[in-house]
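Structure, as structure tokens:
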Amino acid sequence: MNREEILAKSQQENKNKLDERNQAIETKSNSIAQCVGMLMCIVLGPIAHAVTHDIQFMNLAMSLFLCMFATERISCAIMSKSRGQWVFAGIVTVVAIAEVTVFLLKLFGVM
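In the numbering used here, the protein residues as written are 58 to 168.
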């Protein structure tokens with residue numbers, strides 16, 4: 058195969074895939090979106106609690122924040138394959154599961 062044939066074959070194989078630049082842009086955009094979502098949870102939870110004097114929205118916002126953060130840490134651990142990242146992701150995940158459990162128990166009146 059000559060160079061042109063190899064290039065044409067490579068372009069055909071990668072026709073519907075994102076190139077490295079677009080993957081980096083997509084990753085950065087997702088990271089920014091997650092940060093904004095987490096910030097909104099952190100800000101809106103206390104504001105809603107101050108206005109309504111109901112802790113439910115605060116628990117919901119905290120549950121959402123921790124779930125988003127745990128997901129981010131797990132995906133980072135998968136990509137980096139670092140033991141420290143896995144330990145941190147595990148801790149955050151346990152805290153997120155505990156917060157969601159507390160939220161659901163309060164929501165259904167068990168707690």
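Positions of the beta carbon are idealized from the N, C-alpha and C atoms, including for glycine.
Tell me whether residue i is buried or exposed, calling it buried when 16 or more other Cβ atoms sit within 10 Å of its Cβ.
i, result
"F165", "exposed"
"N188", "The question about residue 188 has no answer here: the residues shown for the chain are numbered 58 through 168."
"L121", "buried"
"G141", "exposed"
"L162", "exposed"
Contact check, residue i vs residue j under 8 Å by CB: the rounded distance?
i, j, result
"M119", "E156", "6 Å"
"F114", "A107", "Not confirmed; about 10 Å, so no contact."
"E129", "Q80", "The Cβ separation is near 17 Å, so there is no contact."
"A146", "A134", "4 Å"
So the alpha helix (DSSP H) residue i belongs to, where does it begin and stop?
i, result
"G147", "140-164"
"N87", "77-109"
"K72", "Here K72 belongs to no alpha helix (DSSP H), and DSSP marks it neither H nor E."
"N116", "112-137"
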